[in-house]
Amino acid sequence: EIEELVVSVQGIIVGRDELPPFMSKISPNSKHLRYIRQGVSITGLGTTSFANAIENLKKIYVIFSRSIGSAKLQGGTCTSMFGDYPTIESFNRYFTAKKSGHRRQEYALGVDIDPFGTLSSALGAGYYHGEDNIVNYYERTVDNDNSPTSHRYLPVAPVKMQIGDIVEVQMSLIAVPLRGGQFKMTSVLRGVTLMNGQLTQVAMEEPVKLKRKVGYGEEEVGKTRAK
């Protein structure tokens, strides 16, 4: 049986290579299909709130350890480093293996996730995209009065999430059973909400003036001839 806790953490995106849309190539019925995933990495760049989140992850590990047994629980796999700053990483596989006799609800991969149908075309009879594989993407919008009731969360395409954006990540912390009666604590990405993307928006909108120059000036021609 899998133990599970759902948590929300706010931070700055420092890794989004595995966020949709899926643009890679994959062969139909590839043996690697089950390992393809979407995910994100965030950090707090030294903020106290993010440091507290890291400490809470350690406390959750202790909770799992007391429930399962410290000798059976391996180390967690949801933290890493970004330079000198700790990060929290969360991923979710696109597909789940089908099991005989197991009732399942299959969901289509939308164009925001699989724009060219690559993943859908590669699916064989052994896997499906189910409820546990779904990751929801939202953007928080705030009306002018900035009251608590003015906050709305609207679905957005995951491509909108960029490096440097402030986001809230929702993830499930689970103890996954392994061989030999062992368990491993890991995180499963459930949702990403764009809280503030103003910094990256300004950077993308900043005009860059380029002087177009074709050919050579008289002085440059003279230097070329001298060579």
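Under the working numbering, the first residue of the sequence shown is numbered 1426, with each subsequent residue one higher.
Glycine included, every Cβ here is placed at the ideal spot set by N, Cα and C.
Residue 1468 counts as buried, since at least 16 other C-beta atoms from the protein chains shown sit within 10 angstroms of its C-beta.
As far as DSSP is concerned, residue 1473 takes part in no beta bridge. Between residue 1491 and residue 1465, the CB-CB gap reaches or exceeds 8 Å. The stretch 1526-1598 contains, as complete beta strand (DSSP E) runs of 3+ residues, the segments 1561-1567, 1576-1580 (chain order). Under the criterion of beta carbons closer than 8 Å, residue 1459 and residue 1552 qualify as touching, at roughly 6 Å. Closest in alpha carbon position to residue 1579, among 1449, 1455, 1529, 1617, is 1617. The DSSP-derived three-state label of residue 1510 is strand.
Straight-line measurement puts the Cα of residue 1595 at about 4 Å from the Cα of residue 1433.
Going by DSSP, residue 1609 is part of the beta strand (DSSP E) stretching over 1608-1621. DSSP, read as helix, strand or coil, puts residue 1489 in helix. Beta-carbon to beta-carbon, residue 1451 and residue 1547 are separated by about 5 Å, close enough to satisfy the 8 Å threshold. Counting the other Cβ atoms within 10 Å of the Cβ of residue 1541 gives fewer than 16, which makes it exposed. The DSSP-derived three-state label of residue 1451 is coil. Shown here, residue 1482 sits in a helix according to DSSP, grouped into three states. Three or more Cβ pairs closer than 8 Å define a contact, and the stretch 1492-1500 falls short of that threshold against the stretch 1574-1592. It is roughly 26 Å from the alpha-carbon of residue 1533 to the alpha-carbon of residue 1514. At least 8 Å separates the beta-carbon of residue 1599 from that of residue 1581. Between residue 1529 and residue 1508, the C-beta gap is not smaller than 8 Å, which leaves the two residues out of contact.
By the 16-neighbour rule on beta-carbons within 10 angstroms, residue 1539 is buried.
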